[in-house]
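Worksheet: one structure, shown below.
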Amino acid sequence: MKTQPVKLFITEDGSHSLQVPELDETYHSSHGAIQESQHVFIKNGLAHWLLKNKKKELNIFEVGLGTGLNTLLTELKAKELDVKVNYQGIELYPLTNDIFSQLNYAKQLDSEQLTFEQLHTSKWEEQVEILSNFSLHKTKDSFKDFEATFTYDLIYFDAFAPSKQPEMWEYEIIEKCYNMLNPNGIFVTYSAKGQLKRDLKQVGFSVESLPGPPGKFEMVRATRNVK
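Okay, here's the thing in structure tokens:
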């Protein structure tokens, strides 16, 4: 059966997202792609980690590079705060040029379209210096099969929803994330499912339920405790 192409649509804050017909799922909230990513991953992930740790360099891992929005927002925040970010992400189904070139994130964020597209066109399976304070290493693989060779300070967990992609939210996946994090490392995600919170606690995380972005009541942040 021929797969249907992803469909571009505009969310309520004016930024684009994509719909996946096979999964009946979208890459972001229809209430606003940029505001969702800013709230979940930048405000409650990156900015929180920097506030707590007072360091000028960190390693970030993203599960689900997707549209590249989280990557772009992180690059812009790193530049704003003058911190160095070593960013690694995994994506089994990268977007094609005809899709990512249409996304309006750079325009919405007053950034350069060329910089955004460089995040997509940079080489896979190697570390690429995008800016002097931002390097990107993209891996084309499933997270289940991925074997980490580094440890990270922050994990952006941005897989499709548990109802659409349940295999990405199994206990073994959560345990893998825990083992990839440094002490005081943070796992952050838009989901606030009860089973997710129970699994995070069982693995060893300290779990916080936080106010969600527009259209969502809660989100989750979990911290790997220092033993």
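Each residue of the sequence shown is one higher than the one before, starting from 23 at the first, in this note's numbering. Quick reminder that beta carbons are idealized off the backbone N, C-alpha and C, glycines included.
DSSP places Lys-198 within a helical segment (H, G or I) once states are collapsed to three. Across the structure, Lys-74 and Leu-222 are spaced so that their CA atoms are roughly 20 Å apart.
Under the criterion of beta carbons closer than 8 Å, Leu-80 and Leu-176 qualify as touching, at roughly 6 Å.
In chain order, Thr-173 and Asp-175 place their CB closer than 6 Å to the CB of Asn-204, counting only its own chain and leaving out the 5 sequence neighbours on each side.
Per DSSP, Lys-74 is one residue of the alpha helix (DSSP H) stretching across 70-75.
The stretch 99-113 makes contact with the stretch 155-173; the number of CB pairs closer than 8 Å reaches 3 or more.
With 16 or more other CB atoms across the displayed protein chains lying within 10 angstroms of its CB, Ser-213 is buried.
Apart from the 5 residues on each side of it in sequence, Thr-93 sits with its Cβ closer than 8 Å to the Cβ of Glu-84, Leu-87, Tyr-109, Gly-111, Leu-141 and Leu-158 in its chain, given in chain order. Distance between Asn-206 and Lys-238, taken at the CA atoms: about 26 Å. In the structure shown, His-61 falls within a helical segment according to DSSP collapsed to helix, strand and coil.
For a cut-off of 8 Å, the C-beta gap from Leu-103 to Ile-56 is around 18 Å, too long to register as a contact. Within the same chain, and ignoring the five residues on either side of Gln-60 in sequence, the residues whose Cβ sits closer than 7 Å to its Cβ are Leu-95. The three-state reading of DSSP puts Gly-67 in helix, counting H, G and I together.
Taking the Cα of Ser-164 as reference, the smallest distance to any Cα among Leu-45, Glu-189, Phe-209 and His-38 is reached at Glu-189.
At the C-beta level, Tyr-178 and Thr-211 come within 9 Å of one another.
Sequence-distant Cβ neighbours of Ile-152 in its own chain, meaning closer than 8 Å and more than five residues away, are Glu-97, Thr-137, Gln-140, Leu-141, Ser-144 and Leu-158. Only exposed fits Ser-185, as fewer than 16 other CB atoms lie within 10 angstroms of its CB. Judged by DSSP secondary structure, Asn-119 falls within the alpha helix (DSSP H) whose first and last residues are 119-122.
Distance from the Cα of Gly-36 is smallest, within the candidate group Leu-117, Ala-128, Asp-120 and Glu-148, for Ala-128.
Here Thr-137 carries a helix assignment [DSSP, helix/strand/coil]. Secondary structure note for Asp-175: its beta strand (DSSP E) is the uninterrupted segment 174-179.
Using a 10 angstroms sphere on the CB of Asn-66, the tally of other CB atoms reaches 16 or more, which defines it as buried.
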